[in-house]
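There are 2 protein chains.
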Amino acid sequence: MDAAQVLIGGKWREANFKTTFHAQNPATGQTLAQAFPVSEWADCEAAVLAAGEAAEKLRTMAPERIADFLEAYARNIEASADKIARTAHEETGLPIAPRLKDVELPRTVNQLRQAAAAAREGSWARATLDLERNIRSCFEPIGPVVVFGPNNFPFAFNGISGGDFAAAIASGNPVIAKAHPLHPETSRLLAEEARKAVVETGLPPATVQMIYHLANEDGLKLVSHPGVGAVAFTGSRTAGLHLKRAAEDAGKPIYLEMSSINPVVLLPGALAERLAEIAQELIDSCLAGAGQFCTSPNLILMLENSSAEELLDRVAKVFQERSPQPLLSSFGLSQMHSGVQSLVKAGAALVTGGGVAQGAGYRHENTLLRATARQFLVTGEALQREVFGNATLAVVASAPEELQEIVGQLEGNLTGSIYSAKSRSDDALYADIAPGLSRKVGRLLNDKMPTGVAVSPAMNHGGPYPATSHPGFTAVGIPASMVRFAALRCYDGVWQERLPDILRDKIANPSTWRSIDGAWVKG
Amino acid sequence: MDAAQVLIGGKWREANFKTTFHAQNPATGQTLAQAFPVSEWADCEAAVLAAGEAAEKLRTMAPERIADFLEAYARNIEASADKIARTAHEETGLPIAPRLKDVELPRTVNQLRQAAAAAREGSWARATLDLERNIRSCFEPIGPVVVFGPNNFPFAFNGISGGDFAAAIASGNPVIAKAHPLHPETSRLLAEEARKAVVETGLPPATVQMIYHLANEDGLKLVSHPGVGAVAFTGSRTAGLHLKRAAEDAGKPIYLEMSSINPVVLLPGALAERLAEIAQELIDSCLAGAGQFCTSPNLILMLENSSAEELLDRVAKVFQERSPQPLLSSFGLSQMHSGVQSLVKAGAALVTGGGVAQGAGYRHENTLLRATARQFLVTGEALQREVFGNATLAVVASAPEELQEIVGQLEGNLTGSIYSAKSRSDDALYADIAPGLSRKVGRLLNDKMPTGVAVSPAMNHGGPYPATSHPGFTAVGIPASMVRFAALRCYDGVWQERLPDILRDKIANPSTWRSIDGAWVKG
Chain B
312 MDAAQVLIGG KWREANFKTT FHAQNPATGQ TLAQAFPVSE WADCEAAVLA
362 AGEAAEKLRT MAPERIADFL EAYARNIEAS ADKIARTAHE ETGLPIAPRL
412 KDVELPRTVN QLRQAAAAAR EGSWARATLD LERNIRSCFE PIGPVVVFGP
462 NNFPFAFNGI SGGDFAAAIA SGNPVIAKAH PLHPETSRLL AEEARKAVVE
512 TGLPPATVQM IYHLANEDGL KLVSHPGVGA VAFTGSRTAG LHLKRAAEDA
562 GKPIYLEMSS INPVVLLPGA LAERLAEIAQ ELIDSCLAGA GQFCTSPNLI
612 LMLENSSAEE LLDRVAKVFQ ERSPQPLLSS FGLSQMHSGV QSLVKAGAAL
662 VTGGGVAQGA GYRHENTLLR ATARQFLVTG EALQREVFGN ATLAVVASAP
712 EELQEIVGQL EGNLTGSIYS AKSRSDDALY ADIAPGLSRK VGRLLNDKMP
762 TGVAVSPAMN HGGPYPATSH PGFTAVGIPA SMVRFAALRC YDGVWQERLP
812 DILRDKIANP STWRSIDGAW VKG
Chain W
312 MDAAQVLIGG KWREANFKTT FHAQNPATGQ TLAQAFPVSE WADCEAAVLA
362 AGEAAEKLRT MAPERIADFL EAYARNIEAS ADKIARTAHE ETGLPIAPRL
412 KDVELPRTVN QLRQAAAAAR EGSWARATLD LERNIRSCFE PIGPVVVFGP
462 NNFPFAFNGI SGGDFAAAIA SGNPVIAKAH PLHPETSRLL AEEARKAVVE
512 TGLPPATVQM IYHLANEDGL KLVSHPGVGA VAFTGSRTAG LHLKRAAEDA
562 GKPIYLEMSS INPVVLLPGA LAERLAEIAQ ELIDSCLAGA GQFCTSPNLI
612 LMLENSSAEE LLDRVAKVFQ ERSPQPLLSS FGLSQMHSGV QSLVKAGAAL
662 VTGGGVAQGA GYRHENTLLR ATARQFLVTG EALQREVFGN ATLAVVASAP
712 EELQEIVGQL EGNLTGSIYS AKSRSDDALY ADIAPGLSRK VGRLLNDKMP
762 TGVAVSPAMN HGGPYPATSH PGFTAVGIPA SMVRFAALRC YDGVWQERLP
812 DILRDKIANP STWRSIDGAW VKG
């Protein structure tokens, strides 16, 4: 059997495999030619072993070396941008321009460069010095990190190039990437650019490794392997919870981003003031990437009145007019369709859409559903089901108290948005709703849709369970996302010359922020 | 049935209970008069409900109010220090002076005051501002925290007064304390001082609650209760792992400190230089608190030579001479004894001790065991069993490589110490051993025994699994220990006046450190 090679121990080599899989072009339904291997356990074992050796060597290297690698990788990706974007377009159906080439690819190389800058600066390690007692601590690499990338961002969240990858490498760890099987050739191209950058900058060969696919039980074994330091996962709640339990039972930190319906509250004053503008933002946010974003607004909350009806009319109209974009796979289509059906079964009414769409590939009608607040409140979690795709549920409340009740019943989410009147006529209502909503989400927005997660040091792309597995960590935003892949280490009475450079009285790097006797000091 | 009351919802009230228990004086074996209730689930449910309401109110209060409470509580404890220390002495057998009254109690009130100062300063929340994009984030209270205190520190780690308590309160959360059933009256006295401080400073009544004991299955239910924000536990690995799984399956952050044998490596040059001094430090560290410290040195690693033999002779001699101090309970004695026996069964030889000691109460002979490195390496984890008490195992290696191998096989520990020659004759050996040891521990010490955990901002009282449940967090050291009980919250485009004070452009508190556009700025 012929199949693409896996990247293990610094070399492209034949996988240990019995079965293969193919990617499809979801815009056409066409199966692509290249076969990819479903790795047997032997590939995982080899990768963990090699990663362990790479981790040892990385610890002895200056952070500048790691930064050089991240920057070389970013340059390599840019040099092959056309080919990578074309391949990703073929495997995902996402448009080359602007999405893949002009937005996601620049974002991805920007993340790599931010991570390089953070590695070089050193402040991410939060060095803390108690000079009087000679006790010092900082964050240090945790060991090999396994990154499971999701289906919906072939670059920016890819296990071999995305935010988790950049954060894990920048904090000094080798990465074992589990590519998503919906875009294997894209991942292969990226991995080759990474491999070249490893060679160019002289990092340990196994700093970057990648396999394409593996059996579920091997995934569970991999995340609980004694040689693994930590795990990052972005994907479905079902898969995430299985990996979570396996990793946690083995005492491994695992960071999961699993599901979110991203409630958007549209207060009446805001609708009275600027309905058309808000409708436009909402529609664009719901349909961007065919709604396949973890921050896609799946739930719209409004008070019953004519503006709410007008907004729904507008949304329904545009949902009907716009051609549905392809979903990422036939499985994604069937999942989305059954999600919509389960919302209907739970009592939601279809306003528009609801069916599989005509046309080539895997497409679903842009779908708007509605329900009353009462329905939402009595059905428990049935109307909180995430539908990953171009569908959204509007819930119309007959009184402000119902909105508050709904917010109180929400599961943990990544984001929560509130639109309010600039005239301030919504201020009292905002004050009633915002505190409760804030506690259910990782990021509270005002007058903004949740899609478009800025790579900012102040970003929190995280939130309460079950949106993620721990409310204290963010997956986006450098340097905060890096500490997920680090262990806190303390040096108590350790001789000056034996300390890591970052903890010595005099630090070589003038850019590093450290907390010395309670004050933050640079250099 | 008459039994002490539990503190729920701000009031001392009769527990829901069917059975009671009594503390014992472990120095005499005498059962103490007061009966304490084993709470039924109804007490847990009531406490969580009340804590949820308190959490809501605490969020709206200025941090100064919380700081005032912590300081009032510290003062109240000091005012009742004699009574509290006498009671703790009766329940634990630990000496009133210096241990309880002059060391642990001052440490405890110092922790409360440091936590108050941190709450007041505000820097713990790590406010991060991206002014250009108007994205801001900080840590905020996570919700009601359940704290399980251990048996060995009736004040400094007590669920109602210790480090976890102080950190959870200072970060703005109510605490439900599960007192340790070996010192219930001590806990009751402390809880009463806490309750008075709550009243004095006008905090929500249920900010501080306490139950004494509950069935194992109710413990599992409690840590997975939807109304609980996070859990802290200090105790045995067996109990810890059960709670860990229950909490994690429910998506709750749980911070556990479970077990550690705290390897101490004595390099040959250090022994040649200052054997008597090191022997003294080692003996004092092993026998302090009858060895019932989480950082007690359970494992001594040395190279085979005459100095090593001389050190063991000295330790054995003093172990024989010093009267064994009482252990905390009959269960502790039987656990310790079976631990020593299991080490013998795994191949360790008894140098001295090994039996239950004569005298009143629960005492075990000061026990020194030894084994060869070869034995240690072939028995896997059998010789890494933590023996909680006045026993220690010396492992003598025939070559430096064996020491390295042993370090490579260690499970995760809280601490690892290396003594080396001031003449620098051990430097090469140190360089071989320290990197491997450092990765197995949360705190690496030079020329210091691990007992005595300073409350320093740079402290890490944590370490890799199974010493704790996550290597990124410390249980001691303010403000770092506080973020365990906080959720990261981001405000994206939120109007200035709607932001928490700590995230506004102009902050009222001139003492708070914030990270603004990448630079740490005060006030």
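Here the protein sequences come in this chain order: B and W.
The first sequence lines up with residues 312 to 834 when you count with the working numbering.
The second sequence lines up with residues 312 to 834 when you count with the working numbering.
Ideal Cβ placement from N, Cα and C applies to all residues, glycine included.
> Which residues, in order along the segment 553-564 of chain B, keep a beta-carbon less than 9 Å from a beta-carbon of chain W?
Replying inline: 555, 556, 559, 560, 561, 562, 563, 564
> Quick one: what does DSSP say residue 605(B) is sitting in, helix, strand or coil?
Replying inline: coil
> Tell me which same chain residues have a C-beta within less than 7 Å of the C-beta of residue 814(W), skipping the five on either side of it?
Replying inline: 438, 440, 447, 449, 802
> Rounded to whole angstroms, how far is the Cβ of residue 493(B) from the Cβ of residue 346(B), which I believe are closer than 8 Å?
Replying inline: The pair is not a contact, with the Cβ atoms about 15 Å apart (cut-off 8 Å).
>> For a contact defined as C-beta to C-beta under 7 Å, what are the partners of residue 446(W) on chain B?
In response: 765, 767, 769, 770
> Does the segment 400-408 of chain W come close enough to the segment 543-553 of chain W to have 3 or more Cβ pairs within less than 8 Å?
Replying inline: no
>> Cβ closer than 8 Å: which chain A residues qualify as neighbours of residue 355(W)?
In response: Although the question refers to chain A, the structure presented lacks it and instead comprises the protein chains B and W.
> Are any of the Cβ atoms in chain B nearer than 7 Å to that of residue 469(W)?
Replying inline: no
> Taking all protein chains shown into account, do 16 or more other C-beta atoms lie within 10 angstroms of the C-beta of residue 545(B), making it buried, or fewer, making it exposed?
Replying inline: buried
>> With three or more C-beta pairs closer than 8 Å as the rule, is the segment 454-471 of chain B touching the segment 524-544 of chain B?
In response: yes
> Which chain B residues are close to residue 824(W), counting only those with a beta carbon under 7 Å from its beta carbon?
Replying inline: 831
>> If contact is defined by three or more beta carbon pairs under 8 Å, each pair taking one atom from either stretch, is the segment 698-717 of chain B in contact with the segment 671-678 of chain B?
In response: yes
> When you compare only the Cα positions, how much space is there between residue 670(B) and residue 696(B)?
Replying inline: 27 Å
> Which of helix, strand or coil does DSSP assign to residue 527(B)?
Replying inline: helix
> Between residue 611(W) and residue 745(W), which are expected to be in contact by the criterion C-beta below 8 Å, what is the C-beta distance as a whole number of angstroms?
Replying inline: Contact doesn't hold; Cβ gap of about 17 Å is too wide.
> By DSSP, does residue 420(W) sit in helix, in strand, or in coil?
Replying inline: helix
> What residue ranges within the segment 468-520 of chain B form continuous beta strand (DSSP E) runs of no fewer than 3 residues, ordered along the chain?
Replying inline: 486-489
> Measuring CA to CA, which of 646(W), 657(W), 667(W) is closest to residue 838(W)?
Replying inline: Not covered by the structure: residue 838(W). The range shown for chain W is 312 to 834.
> By a C-beta neighbour count over all protein chains shown, 10 Å radius and 16 as the cutoff for buried, is residue 821(W) buried or exposed?
Replying inline: exposed
>> Tell me whether the segment 780-797 of chain W and the segment 790-810 of chain B touch, counting them as touching only if at least three CB pairs, one residue from each stretch, are closer than 8 Å.
In response: yes
> Quick one: is residue 557(B) buried, meaning 16 or more other Cβ sit within 10 Å of its Cβ, or exposed?
Replying inline: buried
> Going along chain B in order, which residues have a C-beta closer than 7 Å to the C-beta of residue 435(W)?
Replying inline: In chain order: nothing, as chain B lies at least about 11 Å away.
>> At the 7 Å Cβ level, is residue 484(B) part of the contact set with chain W, yes or no?
In response: no
>> Please report whether the beta-carbon of residue 369(B) lies at a distance below 7 Å from any beta-carbon of chain W.
In response: no
> Okay, do the segment 775-786 of chain W and the segment 421-433 of chain W touch, 3+ Cβ pairs below 8 Å being the bar?
Replying inline: no
>> Could you compute how far the alpha carbon of residue 365(W) sits from the alpha carbon of residue 387(W)?
In response: 22 Å
> Expressed to the nearest angstrom, what Euclidean distance is found between the alpha-carbon atoms of residue 375(W) and residue 774(W)?
Replying inline: 32 Å
> Any beta-carbon of chain W closer than 7 Å to the one on residue 537(B)?
Replying inline: no
>> Considering Cα atoms alone, identify which of 768(W), 609(W), 642(W), 518(W) is closest to residue 593(W).
In response: 609(W)
>> Here's a check: name, in chain order, each residue in its chain whose Cβ is nearer than 7 Å to the Cβ of residue 391(W), leaving out the five neighbours to either side.
In response: 500, 504
> What do you get for residue 476(W), buried or exposed, if any count of 16 or more other CB atoms within 10 angstroms of its CB means buried?
Replying inline: buried
>> Spatial neighbours of residue 326(B) within its chain, please: C-beta separation below 6 Å, excluding the five flanking residues on both sides.
In response: 317, 348, 350, 354
> In chain order, what residues of the same chain lie with their CB nearer than 7 Å to the CB of residue 590(B), ignoring the 5 residues before and after it?
Replying inline: 622, 625, 626
> Which term fits residue 394(W), buried or exposed, when burial requires 16 or more other beta carbons within 10 angstroms of its beta carbon?
Replying inline: exposed
> For residue 630(W), is the classification buried or exposed, using 16 other Cβ atoms within 10 angstroms of its Cβ as the cut-off for buried?
Replying inline: buried
>> Suppose only complete runs of 3+ residues qualify. What are the beta strand (DSSP E) ranges in the segment 704-787 of chain B, listed by chain order?
In response: 724-730, 752-757
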